[in-house]
Amino acid sequence: MRAVLLATAALALTGCAGQGGASDPQDRFMQAIAAHCGKAFAGRVVTTDPADASFAGQKLVMHVAACEPDRIRIPFHVGDDRSRTWILTRTAAGMRLKHDHRHQDGTSDVLTMYGGDTATPGTAERQDFPVDADSIALFRANDRAASVTNVWAMEVTPTRFAYELRRPGRHFRVEFDLTQPIATPPMPWGWQD
Numbered sequence: 024m025r026a027v028l029l030a031t032a033a034l035a036l037t038g039c040a041g042q043g044g045a046s047d048p049q050d051r052f053m054q055a056i057a058a059h060c061g062k063a064f065a066g067r068v069v070t071t072d073p074a075d076a077s078f079a080g081q082k083l084v085m086h087v088a089a090c091e092p093d094r095i096r097i098p099f100h101v102g103d104d105r106s107r108t109w110i111l112t113r114t115a116a117g118m119r120l121k122h123d124h125r126h127q128d129g130t131s132d133v134l135t136m137y138g139g140d141t142a143t144p145g146t147a148e149r150q151d152f153p154v155d156a157d158s159i160a161l162f163r164a165n166d167r168a169a170s171v172t173n174v175w176a177m178e179v180t181p182t183r184f185a186y187e188l189r190r191p192g193r194h195f196r197v198e199f200d201l202t203q204p205i206a207t208p209p210m211p212w213g214w215q216d
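Everything in the sequence shown is counted per the working numbering, starting at 24 for the first residue and increasing by one.
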């Protein structure tokens, strides 16, 4: 039954209610990710920023866990830390990326649901998400001024998925091998359907 639901969701994304249907690069981007719904993949940090050392030594797993016609949720596990979920949403103006961060008891972290919206159509393989006003306010309220210029990006090709963060003086990128699915991990802390 789960496989049927996942297949239905992936097909629904094919007819996504986006602005241009299958020819729209953002719809194609969502479709490319949804094609992996229910699967998990191992990743590795490919940047060398010293701030990423703690991630580089951990097992990194992305899990395309839930696909709806206008929303995809992708938990990102770092070792035993299951606090992170990337949420991609198709909006009337483009796409939105939010970061859902939770504590082990399932409660929301003070820094949660931050992210941004696309400013351009991007491509079927790459979408950029400049930080939005709500996130800037959240970062400033929590002494994270360095994050107010964040631009996140995601890429998907037939063989690779990548997540990236850039700002002046900071570049983080992790890549996942889409040719080798792995066992699906436990759901993130506080996961709700």
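Even glycine gets a Cβ: it sits at the ideal position worked out from N, Cα and C.
Predicted model, so just to flag it, every value in this text is computed and none were measured.
Determine whether the beta carbon atoms of Arg119 and Trp212 lie at a separation below 8 Å.
no
With distances taken between CB atoms, is the gap from Phe199 to Trp175 smaller than 8 Å?
no
Measure the CB-CB distance between Val68 and Val197 and report whether it falls below 8 Å.
Val197 is positioned such that its CB atom lies closer than 8 Å to that of Val68.
On the premise that Ala116 lies in contact with Phe52, defined as a C-beta separation below 8 Å, what is that separation, rounded to the nearest angstrom?
Not quite, the Cβ-Cβ distance comes to about 15 Å (not below 8 Å), so this is no contact.
Once you ignore the five residues that flank Gln127 on each side, which residues in its own chain have a CB closer than 7 Å to its CB?
Trp212
Rounded to whole angstroms, how far is the Cβ of Arg113 from the Cβ of Gln54, which I believe are closer than 8 Å?
About 11 Å; that fails the 8 Å criterion.
Using 8 Å as the threshold, is the C-beta distance between Phe184 and Thr70 below it?
In terms of Cβ geometry, Phe184 and Thr70 do not form a close pair [threshold 8 Å].
Shortest alpha-carbon distance to Glu145 belongs to which of Ile56, Pro204, Met177?
Checking the sequence, you will find Gly at residue 145 rather than Glu. With distances taken between Cα atoms, Gly145 lies closest to Met177.
Measuring from the CB of Leu83, is there a heavy atom of the ligand ATP at a distance below 7 Å?
In the structure on display, the ligand ATP does not appear, and there are no ligands present to speak of.
By the three-class DSSP mapping on this structure, what secondary structure does Gln150 have?
strand
By a C-beta neighbour count over all protein chains shown, 10 Å radius and 16 as the cutoff for buried, is Gly80 buried or exposed?
Label assigned to Gly80: exposed.
What distance in whole Å lies between the Cβ atoms of Ala63 and Ser208, which are believed to be in contact at a cut-off of 8 Å?
Reading the sequence as shown, one finds Pro at residue 208 and not Ser. Between Ala63 and Pro208 the Cβ distance is about 6 Å, and since that is below 8 Å, they are a contact.
Provide the residue span of the beta strand (DSSP E) that contains Pro204, from first to last.
Its beta strand (DSSP E) spans residues 193-205.
Measuring straight from C-alpha to C-alpha, what distance separates Arg189 and His59?
26 Å
DSSP bridge partner residues for His86 (one or two, in chain order)
His86 is bridged to Ala63.
Which term fits Gly280, buried or exposed, when burial requires 16 or more other beta carbons within 10 angstroms of its beta carbon?
What the structure shows of the chain is the stretch from 24 to 216, and residue 280 is not part of that stretch, so it cannot be assessed.
Starting from Asp157, trace the alpha helix (DSSP H) both ways and give me its first and last residue.
156-164
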